[in-house]
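Read through the structure below, which is laid out as structure tokens, and then see the notes.
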Amino acid sequence: MKRLYCPPSGNLSATFAACGEQPGVQEIRSSTPRPFIGPAGHGLDECLLMTKILRHDLYLTNVIKDLDAPLAYYIDLKSSGKYTISKEGYQYIEELGDELSKLKNLNVIVAFGNVPLIALANRVGITKWRGNVLESTLVPGLKVIPTFHPATFIPPKFNFLNKPLICEDLLLANQESKFKEIKRTVRNVSIDQDFNHTIQILSYCYEYGLRGRTIDIDIEVINEEIDCIALAWSPTEAISIPFRNQSGDYFTIEQELEIMLLIGKIISSERIAKRGANFIFDTQFIFHKYGIVPRGELHCTQIAQKISFPDFRAGLDFVTTMHTDIPYYKADGKQWMKKGTGTWEQWWSYNGMDAISTAAANPKQIESLIKQQNIETYDRQRKLIKPLIYMSVRGIRIDVEGMLKCKEEEQAKLDILIENLHKEVGYEINHNSPQQVMKYFYDELGLKPYKKRNTKGSYSETSDVDALKRIARRNYPAARIMLDIRSISKRISTYLNIKKIDKDGRYHSSYNPVGTETGRLSSSKTIFGTGGNQQNWPHDLLRFFLFDEGYVGYSIDLSQIENRLVAYVGGVINQIEAFEQGIDLHRLTASVILSKPYQDISSEDGSSPLGDGRQSERFWGKKGNHATNYDVGYKTFALKNEMNEGEAKHILEKIHRGYPQIRNGYHQVIQNMLKKNRMIKNLFGRNRLFLGPIIPSYPNIPKNACENTYREGYA
5 MKRLYCPPSG NLSATFAACG EQPGVQEIRS STPRPFIGPA GHGLDECLLM TKILRHDLYL
65 TNVIKDLDAP LAYYIDLKSS GKYTISKEGY QYIEELGDEL SKLKNLNVIV AFGNVPLIAL
125 ANRVGITKWR GNVLESTLVP GLKVIPTFHP ATFIPPKFNF LNKPLICEDL LLANQESKFK
185 EIKRTVRNVS IDQDFNHTIQ ILSYCYEYGL RGRTIDIDIE VINEEIDCIA LAWSPTEAIS
245 IPFRNQSGDY FTIEQELEIM LLIGKIISSE RIAKRGANFI FDTQFIFHKY GIVPRGELHC
305 TQIAQKISFP DFRAGLDFVT TMHTDIPYYK ADGKQWMKKG TGTWEQWWSY NGMDAISTAA
365 ANPKQIESLI KQQNIETYDR QRKLIKPLIY MSVRGIRIDV EGMLKCKEEE QAKLDILIEN
425 LHKEVGYEIN HNSPQQVMKY FYDELGLKPY KKRNTKGSYS ETSDVDALKR IARRNYPAAR
485 IMLDIRSISK RISTYLNIKK IDKDGRYHSS YNPVGTETGR LSSSKTIFGT GGNQQNWPHD
545 LLRFFLFDEG YVGYSIDLSQ IENRLVAYVG GVINQIEAFE QGIDLHRLTA SVILSKPYQD
605 ISSEDGSSPL GDGRQSERFW GKKGNHATNY DVGYKTFALK NEMNEGEAKH ILEKIHRGYP
665 QIRNGYHQVI QNMLKKNRMI KNLFGRNRLF LGPIIPSYPN IPKNACENTY REGYA
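Per our numbering, the sequence shown starts with residue 5, numbered consecutively.
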């Protein structure tokens, strides 16, 4: 007999049920034990209130109904996705099936988390499957909608963005509870077609595109070559054109040429609109490989998603779940690519479904953009695709000889630092080994270990950069040397790495029109493994970027733009006067921090005793300005700048006293907009939606969870 048992509860005539993993302490200790009455239950109640679903209309249960043993004793799910089920676990799953089968009116059940997903639908991966309508493998005919557990958005996990997703899934389940069957739009991917049929469909796509229909395109790349390409001419019809199969080439060279010429005709037509997911990748790859120039309107689901719902992932799997009734299909393609399992037909169908998914999802995204008054922002960002392709393919000339010389100089500095580290430690410690570094500081020196929370929510010892910064500010020279070693090592491996330069002597990058949290463009290495992020190079290394003969280059950067926004939007009088009079704001703020006359503030390294004493007085004015603009807490400021917390608190409070309108003006403007509709409208007219926490509320919403509203709102 179970000692700590929690039976199901709720409406036995319900059409809508919800299933959790295992009862918690509060559920067990209640005078009448029942599911979801502890902290997670309160989280569920918040979601039910937001979705206007009545709790007493639901049937609530758990897979495991006792707390006699931990959940892993019954169903042990590993981070790899593999799991084992004990005998008692199987018994509970069987009992759950019998229990649900007796509910004759039940049409749908929400699976809160991986454990009920395993039990009800024999699937794992809640992030992949959430929001999908599945048929139960435990109770045939019963619909299952997986979603995150309400415990994930409350302390201590604080995954706040799970809450709106849970609400979306509850609304979907409420709709699905009105009927028994699974209703899905019928979609068809034409695969394994012969040459003549392929040409016929491509010609049809071309004619259809000329009549105003957007053509959706998706490519799959294997070994730096297009393996198959899909074109969709409606949200329900697509073709996947393969270029190889188990026998080798799918078409003859002559046939492949004719196919690519027709595809090129579609892509390069000014009159045909094209669309895809992360479409800059597909169009750039096709241009790079075949010289096909993308023309006409180019649409992208990733750009639309990052503008309309920037807090959420923009991958096609997430977009498809959010905006369509297409069930999760990505596992087929990923399994084929990574494990080599599955059939060629599955691979081609996966390719075709990618094209269909963008065709089905993007119109819904456009509706959201129009509703948010963000369509102009979307048009502005998608129009960057063509110039960014040009920038990527052309690249920028590099002073290779100068870079190699600089690398030698940096390596010499690094060698000296490593030698100094060995002298300080007393032996040849491997600074790249976390185990050796932790052994030195935590075992040999006896320091209390710094810990970091991992993805599972538990804490483990660490010697990462933050840990070293904390140790360094306690006056342990070895930690400071290790930080310097890491800094120079990054300069050598990231910026002075000659292997990142292409054979043409140029630095190429891949660009994302909405790659940053703020929706601005980002850059990274190319698909061919060269280049990298071109936007964050240290200023002293930019000299290795050379302009082509006959060209003049410009570096366009409005001085202290973020501070100007804060000053003029928030009415920060002293800062506005400084800008109007041409006064250096960072120097002015340093004078506030240090209580020194403006003209006496030094820009010379080592002139300030703050932090580790290696920075200038002006440096701290700049750091302080950025921190107060975004209401960064003193603990975060102390950690980032390697100083004690008392010193950090003193600096930030002095700045806020010197510029009271930052909090009373700028921060208040942001908060007022957020309280109105969770949106911040920036000076370009973009409305940035925040679905996470916007106002701190201890203990459920810590202050640092809201800092990004100030950082990203006006970007």
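Glycine included, each C-beta is placed from N, C-alpha and C at the ideal position.
Reference residue i; option with closest CA among the options
i: Arg591; options: Ser372, Gly628, Val556, Leu695; result: Gly628
i: Ile705; options: Gln95, Val573, Pro159; result: Pro159
i: Ile400; options: Asp80, Glu553, Leu169; result: Glu553
i: Asn15; options: Arg33, Tyr63, Pro37; result: Tyr63
i: Gln26; options: Phe322, Gly45, Phe183, Ile485; result: Gly45
i: Ile389; options: Pro120, Lys147, Phe289; result: Phe289
i: Arg279; options: Ala365, Ser272, Lys293, Cys304; result: Cys304
i: Ala2; options: Gln259, Glu224, Ile205, Ile271; result: Any answer about residue 2 is impossible in this case: the structure gives the chain only from 5 up to 719.
i: Val119; options: Asp635, Ile496, Pro150; result: Pro150
i: Leu678; options: Tyr714, Phe549, Ser238, Tyr663; result: Tyr714
i: Ile230; options: Ser244, Asp220, Ser238; result: Ser244
i: Ile122; options: Tyr78, Lys106, Glu103; result: Tyr78
i: Cys171; options: Thr55, Thr240, Met442, Tyr663; result: Thr55
i: Leu569; options: Pro12, Gln440, Asp49, Phe583; result: Phe583
i: Thr88; options: Leu75, Glu98, Ile219, Phe694; result: Leu75
i: Val67; options: Gly216, Leu81, Tyr94; result: Tyr94
i: Pro391; options: Ile203, Thr36, Asp220, Ser514; result: Ser514
Backbone secondary structure at residue i - three-state DSSP
i: Val573; result: helix
i: Ile32; result: helix
i: Gly406; result: helix
i: Asp468; result: coil
i: Asn712; result: helix
i: Asp222; result: strand
i: Arg510; result: strand
i: His303; result: strand
i: Asn249; result: strand
i: Lys6; result: coil
i: Pro120; result: helix
i: Lys187; result: coil
i: Tyr670; result: helix
i: Asp231; result: strand
i: Val518; result: coil
i: Leu693; result: strand
i: Phe647; result: The sequence shown places Met at residue 647, rather than the Phe named in the question. In the structure shown, Met647 sits in coil (DSSP, three-state: anything other than H, G, I, E or B).
i: Glu180; result: helix
i: Gly213; result: helix
Cβ separation of residue i and residue j, assumed to be a contact under 8 Å, to the nearest whole Å
i: Leu418; j: Ile505; result: Between Ile505 and Leu418 the Cβ distance is about 21 Å, and since that is not below 8 Å, they are no contact.
i: Tyr208; j: Leu266; result: With a Cβ gap of about 11 Å, Tyr208 and Leu266 do not count as contacting.
i: Gln665; j: Ile597; result: About 18 Å; that fails the 8 Å criterion.
i: Ile330; j: Ser361; result: 6 Å
i: His512; j: Thr530; result: 5 Å
i: Asn516; j: Leu525; result: 6 Å
i: Asn111; j: Ser181; result: 5 Å
i: Gly85; j: Val128; result: 5 Å
i: Phe116; j: Gly24; result: 5 Å
i: Gly300; j: Glu274; result: 5 Å
i: Ile420; j: Ile284; result: Contact flag wrong, Cβ pair sits at about 43 Å.
i: Ile496; j: Glu414; result: 5 Å
i: Pro11; j: Lys91; result: With a Cβ gap of about 21 Å, Pro11 and Lys91 do not count as contacting.
Chain-order list of residues whose beta-carbon lies under 7 Å from that of residue i (same chain, five-residue window excluded)
i: Met647; result: Arg477, Leu614, Gly615
i: Thr141; result: Ala125, Asn126
i: Ser17; result: Asn109
i: Asn691; result: Gln376, Gln377, Asn378, Met683, Lys685
i: Gly574; result: Gln665, Ile666, Gly669, Tyr670, Val673
i: Leu472; result: Ala483, Met486, Leu487
Chain-order list of residues whose beta-carbon lies under 8 Å from that of residue i (same chain, five-residue window excluded)
i: Asp470; result: Tyr454, Lys456, Leu643
i: Ile41; result: Gln30, Glu31, Ser34
Contact set for residue i: own chain, Cβ-Cβ below 6 Å, skip 5 residues either direction
i: Tyr254; result: Pro246, Phe247, Arg248
i: Ile379; result: Leu373
Residue i beta carbon near the ligand PLP (any heavy atom closer than 8 Å)
i: Leu261; result: No copy of the ligand PLP occurs in the structure displayed, which carries no ligand at all.
In chain order, each beta strand (DSSP E) run of at least 3 residues that lies wholly inside the segment 435-498: 455-457, 463-465
Please give the ranges of any alpha helix (DSSP H) in the segment 543-617, keeping only runs that are unbroken, at least 4 residues long and fully inside the region. 565-574, 577-584, 589-598
If you scan the segment 28-116 from start to end, which runs of the alpha helix (DSSP H) of 4 or more residues do you find wholly inside it? 29-33, 43-55, 75-78, 91-105
Would you list, in sequence order, the uninterrupted beta strand (DSSP E) runs of no fewer than 3 residues that lie entirely inside the segment 341-410? 400-402
I'd like the ranges of any beta strand (DSSP E) spanning at least 3 consecutive residues and lying wholly in the segment 131-162. 147-151
Start-end ranges of the beta strand (DSSP E) lying completely within the segment 256-297, minimum 3 residues: 278-280
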